[in-house]
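There are 2 protein chains.
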Amino acid sequence: MSAVATTDGATTNGATTDGRVLKGNETRRLVLGRAMRIASVEGLAALSLGRLASELELSKSGVFALFGSKEELQLATVRAASRVYHDQVIAPALDRPEGLARLWALAESWLAYSRTRVFPGGCFFYAVGAEFDAQPGRVRDALAEGSRTWHGLIADQLAAARAAGELDADEDVEQLGFEVVAVMEYANALSLLHDDDAPYDRARTALRRLLGAAPTD
Amino acid sequence: MSAVATTDGATTNGATTDGRVLKGNETRRLVLGRAMRIASVEGLAALSLGRLASELELSKSGVFALFGSKEELQLATVRAASRVYHDQVIAPALDRPEGLARLWALAESWLAYSRTRVFPGGCFFYAVGAEFDAQPGRVRDALAEGSRTWHGLIADQLAAARAAGELDADEDVEQLGFEVVAVMEYANALSLLHDDDAPYDRARTALRRLLGAAPTD
DNA sequence: CCTACCGATCGGTAGG
DNA sequence: CCTACCGATCGGTAGG
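Heads up: the sequence lines are chains F and C, in that order. The C-terminal position of the first sequence is numbered 244 in this note's numbering, with every residue numbered one higher than the one before it. The C-terminal position of the second sequence is numbered 244 in this note's numbering, with every residue numbered one higher than the one before it.
This is the structure in structure tokens:
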């Protein structure tokens, strides 16, 4: 049975392989979902193969086989969180026109992503960025790249807004982008530390000062 | 001999005790110094009795005896960092008059404290706050209290500035304090993640926009 | 994915 | 009866 040749061995192998790959992909998603939530609260260092295995009723060696090393598990967790971030924060804003409209949409979806605790520890990248910002390596490199991408997206909207006359012509969009992200990140931090939603209103007030009033529609 | 009574048994006991207590206090300071540096880079969870002991060439049980438990070691590390923060950031500003002068002094000493890496992982409270903000317990409680104290100090200076006419009478000092701290914290974060001092200039530029130009003296 | 292990290290405690 | 340790070891868990 195991050695039967068919005209579409690829399909047979594919079926077997597919079954395993699908199972593996499901398990992988299961593990990464738990890993993202743990890391947002306790940090990527708190991920351990044994803990994930026992919490998900898998074998430790099975979890290990999916990722190959602890660092690969951490990197896969960062990539999985990047996908969540894209889906929750970035994608919903992309149907708004470039400029202040899209920037406000990004800000509101970011604040909702933090406030509604898409991750139980708040923004995944705030938590994990603070953990790894002084620890050189592939995890920090991945986080730094994500930071550049996010800043670039913000600055692009500010540049489009300036080109459209929504901001003063002499506005420094990099400086403005720094301040925009700073108040959002700090709202996340204070909200978590003091278990309080008020900082999100502080962030919104600061954004209005920086950008002008939010679009009414 | 062992039961000889003296007229100053207290002094004899005191001398012995003093010698041991001084030794213990020195060891304690040594351990806490290393613990603060480790925690600023890797987090309080990375502190272990065995690691501190081996790095400092002490016995693990000796380190344990100084603190009694890992949580007490973490709390003692937070208190030690609070003293460093007070000495490095707060105390140097207290000889300036209340209001914008003292606020600018606090901001400049804070930026220097972060930029010069008084702790190798940048601001201790940024790193450890992000680690524990979603982990209820005594460590988070201590960090939340420190956050309230720091915000209160900032808001007091802004209120004094407003009372002295240095700020508009209708300025919301809590809101302004939120924005002041946000840009400083984010400068720390970006500087560490991208190994770059430019974010400190971004923070200073933002502070000038929030507060007006820095005093020239 | 499994059981069965390894070298090491974890927080914490024993008697001296 | 105290402190500040020591060498050794407790029950468990880490990554692999």
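In this text, a Cβ means the ideal position worked out from N, Cα and C, and glycines have one as well. Since we're looking at a predicted model, the values are computed, not measured.
With a cutoff of 8 Å on beta-carbon distance, ALA120 of chain F and ARG110 of chain F are scored as not near each other.
When DSSP states are grouped into helix, strand and coil, GLU84 of chain C belongs to the coil group. Contact of LEU79 of chain F with chain C is not assigned, every C-beta pair being separated by 8 Å or more. For SER136 of chain C, the enclosing alpha helix (DSSP H) begins and ends at 127-142.
Using a Cβ-Cβ cut-off of 8 Å, TYR153 of chain F is close to ALA157 of chain C, given in chain order.
For GLN162 of chain F, the three-state secondary structure derived from DSSP is coil. Remark: C-beta atoms of TYR140 of chain C and ALA216 of chain C do not approach each other more closely than 8 Å. Sorting C:VAL200, C:ASP114, C:GLY164 and C:GLY179 by C-alpha distance to the C-alpha of SER136 of chain C places C:ASP114 at the top.
Residues of chain C whose Cβ lies closer than 7 Å to the Cβ of ASP197 of chain F do not exist, since the nearest Cβ in that chain is about 13 Å away.
Ranking F:THR176, F:GLY156 and F:LEU237 by CA distance to the CA of ASP195 of chain F puts F:LEU237 first.
Think of a sphere of 7 Å around the beta carbon of ALA139 of chain F: no beta carbon from chain C falls inside it, the nearest being about 18 Å out. Taking 7 Å as the cut-off between beta carbons, the residues of the stretch 191-215 of chain C near chain F are GLN202, PHE205, GLU206, VAL208, ALA209, VAL210, GLU212 and TYR213, in sequence order. Rounded to whole angstroms, GLU82 of chain F and VAL58 of chain F show a C-alpha spacing of 10 Å. In this structure SER174 of chain F does not touch LEU100 of chain C by the C-beta definition: roughly 32 Å separates them, more than the 8 Å allowed. ASP168 of chain F has a beta carbon lying at 8 Å or more from every beta carbon in chain C. Look at SER96 of chain C here: in three-state DSSP terms it is coil, with no helix or strand label. The closest CA to that of ALA108 of chain C, considering only C:SER67, C:SER86, C:LEU127 and C:ASP199, is found on C:SER67. DSSP, reduced to helix, strand and coil, places PRO147 of chain F outside both helices and strands of the structure shown, so it counts as coil. Within the same chain, Cβ atoms closer than 7 Å to the Cβ of ASP160 of chain C are found at ARG167, the five residues on either side in sequence being excluded.
From the beta-carbon of ALA73 of chain F, the residues of chain C found nearer than 8 Å are ALA72. The C-beta separation of TYR213 of chain C from LEU138 of chain C comes to about 12 Å, leaving the pair out of contact by the 8 Å criterion. At least 8 Å separates the beta-carbon of GLN184 of chain F from that of GLY239 of chain F.
Listed along chain C, no residue sits closer than 8 Å to ASP183 of chain F by beta-carbon distance, the nearest being about 18 Å off. For PRO226 of chain C, the enclosing alpha helix (DSSP H) has its first and last residue at 225-238.
In this structure, ALA169 of chain C sits away from GLY70 of chain F, with a CB-CB distance that is not shorter than 8 Å.
In terms of beta-carbon proximity, ALA171 of chain F lines the interface with chain C, with at least one pair separated by less than 8 Å. Chain-order list of chain F residues neighbouring ARG56 of chain C: empty, with the shortest C-beta distance near 23 Å, by a criterion of under 8 Å. Annotated three-state conformation of PRO119 of chain C is helix, per DSSP.
Where GLU201 of chain F is concerned, the enclosing alpha helix (DSSP H) starts and stops at 200-221. LEU79 of chain F is positioned such that its CB atom lies no closer than 8 Å to that of ARG106 of chain F. One Cα belongs to PHE205 of chain F, the other to ALA233 of chain C, and the distance between them is close to 9 Å.
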